[in-house]
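Undergrad: Here it is, the structure, as structure tokens.
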Amino acid sequence: MQSNKLLEVNNLSVHFETYDGTAKVLQDVTFSIDRNRWTGLVGETGCGKSVTAFSIIKLLPISAKVVGGNILFKGTDLIGESEKSLRRIRGSEISMIFQDPSVAINPSLKIGNQITETIKIHQNISRHMAKERAAEIMKLVGLKSYCLDQYAHELSGGMAQRVMIGLGLSCNPDLILADEPTSSLDVTVQKDILALMRRLSLEYQTALLLITHDLILVAQTCQEIVVMYAGQVVERGPSGIVLKKSAHPYTRALVRAIPMVEERREYLEELPGFVPNLLYRPAGCPFEPRCTLKIAGVCERENPKEKLVGDRHYVRCHL
Amino acid sequence: MSYIQLRNISKSFPIHGEKKGRRLLKAVEEASFSIEKGKTFGLVGESGSGKSTIAKMIVGLYPPTSGTISIGDRVYGKLGRRDRQEYQKQLSIVFQNPYASLDPKMTIFSIISEPMKAFGQIKDRDVKVRVAELLDQVGLSAEQHLYRYPHEFSGGQRQRIAIARSISFQPGFLILDEPTSALDVSVQAKIINLLTSLQKQYNLTYLFISHNMGVIRHVSNMIGVMYRGKLLEIGDRDTIIASPLHPYSKHLISSIPRMDQQEQSDFDGRALSGEALAESDGCPYAPRCPQSMEVCFDRFPDRTMIAGDHEIHCHLFHRTEG
Amino acid sequence: MPASTERIVGKSSKLREFKLTLLLLWKNNVSKIGLIVIAIFLFVCILGPVLAPRDPYAIDVSLAKIPPGARFWFGTDLLGRDIFSRMLHGAIISLASGLIIVGMGVFIGVTIGLISGFFHRSIGQILMRLPDIFLAFPTLVLAISLAVTFGPSLTNALIAMSLVYWPPFARLMYGETLSIMESDYVKFAKTLNQSPTRIMLRHVLPNAVSPIIIQASLDFGDAILLAAVLGFLGLGAQPPSPEWGAMVAQGRNYLFDFWWMSIIPGSAIFLVTLAFNFLGDGIRDALDPNIRRIKKAD
């Protein structure tokens, strides 16, 4: 029977070499993405979520080194793969959507040409057929065909983002990595974009890794959630459970810190302290200095291992 | 008698490079609202709504094309040179991007003390003590930080410095233009709590601009909804959130992601459809409004009072006399 | 509200940043060469006159046209003067010329650019036509024309060259000023009802200075070259001054017979200019934030 797991990240550790020392950006990151499902990768700035995504697609900067673990995509370890086969995978099997469309879309190419180029690189079809496919994609994302003749800067934010989604889907990938795809958009536009992505991913049976700092967005759209802090996965599992019955103090505090439309509190819950400097990793749990529930002696000395606390629900904590 | 009152504030910008003479971009049109002392008015709207332009007009960066702003019982139109000094002392602004709002070449001691010195409020020998006091109030330690530069601080810390700078000369009115939008959630909570406690302590009046309804809900007493330069609906916080009346307000509120709902609605593309009508006298939301009528495209609706302090500009509710 | 003990995020230290810049300059092989040559050049400028074995002005026709050898390291010129000593004395003229040209150019350019940028809706538009006018002429042609008009002397040549050098700085400053004016901290300063002069000097100028310095260091080599060219044409330092360009001119009819009289000072000019260009490129790269952040595996 074909495994349901499309992507498995196991014990991934990544270091960055800087002039100040070695920054241990990812430590022992483990999670998996199922086929046809949306998984949310959440955390605040600096937690390592974007680095994780770039590791999957192997687009890390030169100073980065993978020092441990593997990334299994449909059974094959991506870390060992050659650049040539990775190039084939990128775009046609795994594609990426970025936060800022102006970064992903070539400003000097007309939109139509860019989509056509992308399709031609990955699929061995004629230019004419690629052009037809590009027009199909425009329709799919709800853009009029005249957009094919426009340049990136002539489009609004929402339109450019849809072009990027179109580009990402153009070769029917099995997995899309979406890095903050709607952060720069208005909330009404965001709602429509997400609905669009949801419809398309259902239709094309595409799995999605939604990388964001917006917990509520994940609650609404993803079935699974992975919470990261300081380069580690601190909790993961079905999103409803992780957010409503969080097992990790960080997750709990994060949820309580969000001002929500549905309820009213006098003061928001604060997380004391600050994110640790990744150059100097403490031996114990990285969240320990800020944790209100820590066990004296244990939490600061020993980094907790992951344990199962419920149905597919894992947490990395001593409690 | 409200503390802050805006009457028919408008701002138009000339668009250059147009063939047929100069066209005008009407960034804000005839906006009117008032804020009571010690309260927070939350201004919401999406990009292009004009909310930032209003902030900049109030704080003195753009002169209004027309309209007046009252602070207390003084009414200000276009500011003359003498009025300007008096006006600027009464208000201040905190910007969205903490990485851009502090002069990178100045120490935070200079940054925080600059307003007080500019307004001639303090003697040189008292400055250091006062700056240390202000830093303490926003939760930063003076000994460690006084002579450091902005780039040595995190986003949340920089925003605290910006807040300290803004309250340093004791203005009664603070404009907060998306003060937490660039910050992480955990840091956002601290800044919002800081602003809440400062408001209580000094009875400050806030104009809080944001596109994040959760934050607006938390901080505001009254809420105003803007769309493409026009204020469409104003009411108290609970009414606007729970039962918005204007079609755009409804659309906006319903687009907010909520924790307990799994969003299942299908793509209807409403927010993405249609280019806005370039210039019309009608309601700017008409092209996208599911309940639009012919009159909506012809004439912008006048103000209709619903109840007490709830007002709306919409033909659906417009009652004509006689 | 309790004061939270917040940690300092970035390590302070302008010293550390400076050290990093030096490290990057040294690691870059090209700029390393530049640094070494310039170090030698500076040494010569300062200590040259002291270390020169002979009087650079001493004429002795019986010693004329001697090729480089053990006695006269760089040979002698048409009037029997020791070229080596002359070059040691002349180095500082080139250096000083470069400094004055770039210094004056930056000063004029920054002032005009700053004022134009700040008042870009009014007098800025008029003022910025001045650089346009100057830039309509090729640099060398303009410099020569001005120098000829003013009359041949070192001072006049320096004035002429400064006038040629300021327009790019004005434009650069204008652009920087415009973009800095858009930043939130300048907007905040405006809400304090501060005078324009104060805002210009306190907020805009310090923040615009960086690209100006980079540009000045990139242009320095060319300034030295320009000074030498004018000297070659007889428009700069007048004889018997041992200015390198003038020395090249003196030997120019004898390139095949007594090559050392032109080639040696000419090579020196070339090497120094090249060294400054290498260094300028190196500085620009070293200050590039992307390169500073990422450490490549060596």
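Those protein sequences? They're chains A, B and C, same order as listed.
Here the first sequence stands for residues 1 to 319, numbered as in the working numbering.
Here the second sequence stands for residues 1001 to 1322, numbered as in the working numbering.
Here the third sequence stands for residues 2001 to 2298, numbered as in the working numbering.
Cβ atoms here follow ideal geometry from the backbone N, Cα and C, with glycine treated the same way.
Everything numeric in this text was worked out from a predicted model, so none of it was measured.
Can you tell me the Cα-Cα spacing of Ile2159 (chain C) and Pro61 (chain A), whole angstroms?
TA: Their backbone Cα atoms lie some 49 Å apart in a straight line.
Undergrad: Round the Cβ separation of Gly2098 (chain C) and Ala2223 (chain C) to the nearest angstrom and send it over; I've been treating them as touching at under 8 Å.
TA: Between Ala2223 (chain C) and Gly2098 (chain C) the Cβ distance is about 4 Å, and since that is below 8 Å, they are a contact.
Undergrad: Alpha carbon to alpha carbon, how far is Ile295 (chain A) from Leu155 (chain A)? Give it in angstroms, no decimals.
TA: Roughly 54 Å between the two C-alpha positions.
Undergrad: Could you check whether the Cβ of Ile1175 (chain B) sits closer than 8 Å to any Cβ belonging to chain A?
TA: By this cut-off, Ile1175 (chain B) is not an interface position.
Undergrad: At the level of alpha carbons, what is the spacing between Ala1132 (chain B) and Pro1150 (chain B)?
TA: Going by the C-alpha atoms only, they are around 16 Å apart.
Undergrad: Could you run through the stretch 1066–1088 of chain B and flag, in chain order, every residue whose CB is less than 8 Å away from some CB of chain C?
TA: Of all residues in the stretch 1066–1088 of chain B, Arg1084, Gln1085, Gln1088 have a Cβ within less than 8 Å of some Cβ in chain C.
Undergrad: By Cβ distance below 8 Å, which residues in the same chain neighbour Ile2291 (chain C) in space, the five residues on each side in sequence not counted?
TA: Correct list, in chain order: Leu2024, Asp2285.
Undergrad: Roughly how many angstroms separate the alpha carbons of Gly2010 (chain C) and Ser1110 (chain B), rounded to a whole number?
TA: Reliability of the predicted coordinates at Gly2010 (chain C) is poor, the pLDDT of 47 falling under 50, and the value obtained from them is presented with this limitation in mind. Near 19 Å, if we compare the C-alpha coordinates of Ser1110 (chain B) and Gly2010 (chain C).
Undergrad: Does the Cβ-Cβ distance between Glu17 (chain A) and Ser63 (chain A) come in under 8 Å?
TA: Their beta carbons are under 8 Å apart, which means Glu17 (chain A) touches Ser63 (chain A) by this criterion.
Undergrad: Which first and last residues belong to the alpha helix (DSSP H) in which His2089 (chain C) is found?
TA: Residues 2083–2118.
Undergrad: Quick one: does Gly1282 (chain B) have its CB under 8 Å from some CB of chain A?
TA: So no, Gly1282 (chain B) is outside the interface.
Undergrad: List the residues of chain B whose Cβ lies closer than 7 Å to the Cβ of Tyr280 (chain A), in chain order.
TA: Under the 7 Å cutoff, chain B gives no residues; its nearest Cβ is about 16 Å from Tyr280 (chain A).
Undergrad: Which complete alpha helix (DSSP H) runs does the stretch 1005–1070 of chain B hold, if anything under 4 residues is left out?
TA: Those alpha helix (DSSP H) runs which fall completely within the stretch 1005–1070 of chain B and span 4+ residues are 1051–1058.
Undergrad: Within a Cβ cutoff of 7 Å, which residues of the same chain sit near Leu2326 (chain C), ignoring the five residues on either side of it in sequence?
TA: Only positions 2001 to 2298 of chain C appear in this structure, which leaves residue 2326 (chain C) out of reach.
Undergrad: Could you spell out where the beta strand (DSSP E) holding Thr30 (chain A) opens and where it closes?
TA: Unbroken beta strand (DSSP E) run through Thr30 (chain A): 21–34.
Undergrad: Taking a cut of 7 Å between CB atoms, which residues from the stretch 2175–2188 of chain C lie near chain B?
TA: Residues passing the 7 Å Cβ filter: Ser2183, Asp2184, Tyr2185, Lys2187, Phe2188.
Undergrad: What residues in its chain sit with their C-beta under 6 Å from that of Gly1224 (chain B), if we drop five residues either side in the sequence?
TA: If we look at Gly1224 (chain B) and ignore the five residues flanking it on each side, its Cβ neighbours are Phe1033, Leu1043, Leu1231, Ile1234.
Undergrad: Count the CB pairs spanning the stretch 28–48 of chain A and the stretch 222–233 of chain A that are closer than 8 Å, and state whether there are at least three.
TA: Judged by Cβ distances under 8 Å, the stretch 28–48 of chain A makes contact with the stretch 222–233 of chain A, as three or more pairs qualify.
Undergrad: Give a yes or no on whether 8 Å exceeds the smallest Cβ distance from Thr1040 (chain B) to chain A.
TA: No, Thr1040 (chain B) lies away from the interface with chain A (no Cβ there is under 8 Å from its Cβ).
Undergrad: Could you name the residues of chain A that Ile1306 (chain B) contacts, counting a contact when the two beta carbons are closer than 9 Å?
TA: In chain order: nothing, as chain A lies at least about 21 Å away.
Undergrad: Could you work out which residues of chain A lie near Leu1252 (chain B), taking near to mean beta carbons separated by less than 8 Å?
TA: Simply Val187, Thr188.
Undergrad: Return the chain-ordered ranges of every alpha helix (DSSP H) run that is complete within the stretch 1072–1154 of chain B and spans a minimum of 4 residues.
TA: As far as the stretch 1072–1154 of chain B is concerned, its whole alpha helix (DSSP H) runs of at least 4 residues are 1081–1088, 1108–1118, 1124–1137, 1142–1145.
Undergrad: Nearest to Leu1204 (chain B) by CA position, among B:Leu1140, B:Ile1093, B:Pro1301, B:Thr1068, is which residue?
TA: Of the listed residues, the one whose Cα sits closest to Leu1204 (chain B) is B:Ile1093.
Undergrad: Please list the partners that Gly1235 (chain B) has in chain C, where partner means a Cβ-to-Cβ separation under 8 Å.
TA: Those within 8 Å of Gly1235 (chain B) in chain C number zero; the least Cβ separation is about 30 Å.
Undergrad: Which residues does DSSP pair with Ile2066 (chain C) in a beta bridge?
TA: BP columns for Ile2066 (chain C) are empty, so no partner.
Undergrad: Using a beta-carbon distance cut-off of less than 8 Å, what residues from the stretch 217–236 of chain A approach chain B?
TA: Listed by position, the residues of the stretch 217–236 of chain A near chain B (Cβ gap below 8 Å) are Leu217, Ala219, Gln220, Thr221.
Undergrad: Chain B beta carbons: is any one of them nearer than 8 Å to that of Lys2190 (chain C)?
TA: Cβ-Cβ to chain B under 8 Å: yes for Lys2190 (chain C).
Undergrad: Taking buried to mean at least 16 other C-beta atoms within 10 Å of its own C-beta, is Thr335 (chain A) buried or exposed?
TA: Residue numbering for chain A in the displayed model covers 1 to 319; residue 335 (chain A) lies beyond these limits and cannot be assessed.
Undergrad: If you compare alpha carbons, which of C:Gly2221, C:Met2181, C:Ile2126 is closest to Arg2202 (chain C)?
TA: The shortest C-alpha separation from Arg2202 (chain C) is found at C:Met2181.
Undergrad: For Phe2220 (chain C), count neighbouring Cβ atoms within 10 angstroms of its own Cβ and tell me buried if that reaches 16, exposed if not.
TA: Buried is the call here.
Undergrad: Interface residues of chain B around Leu167 (chain A) at Cβ under 8 Å?
TA: Under the 8 Å cutoff, chain B gives no residues; its nearest Cβ is about 17 Å from Leu167 (chain A).
Undergrad: How about the stretch 17–32 of chain A and the stretch 159–168 of chain A: do they share at least three Cβ pairs that are nearer than 8 Å?
TA: No, the stretch 17–32 of chain A does not touch the stretch 159–168 of chain A.
Undergrad: Excluding the five sequence neighbours on either side, which residues of its own chain have a C-beta within less than 6 Å of the C-beta of Lys1078 (chain B), listed in chain order?
TA: Within the same chain, Lys1078 (chain B) has close Cβ partners Pro1063.
Undergrad: Under the three-state reduction of DSSP, which class applies to Asn2290 (chain C): helix, strand or coil?
TA: DSSP places Asn2290 (chain C) in helix when its eight states are reduced to three.
Undergrad: In terms of DSSP beta bridges, what is Tyr314 (chain A) paired with?
TA: Bridge partners of Tyr314 (chain A): A:Arg236, A:Leu308.
Undergrad: Grab me the residues of Ala2297 (chain C)'s own chain with a C-beta within less than 7 Å of its C-beta, minus the 5 sequence neighbours each way, in chain order.
TA: The pLDDT assigned to Ala2297 (chain C) is 44, lower than 50, so where the model puts this residue is not dependable; a value taken from the coordinates is nonetheless given after this. No residues qualify anywhere along the chain.
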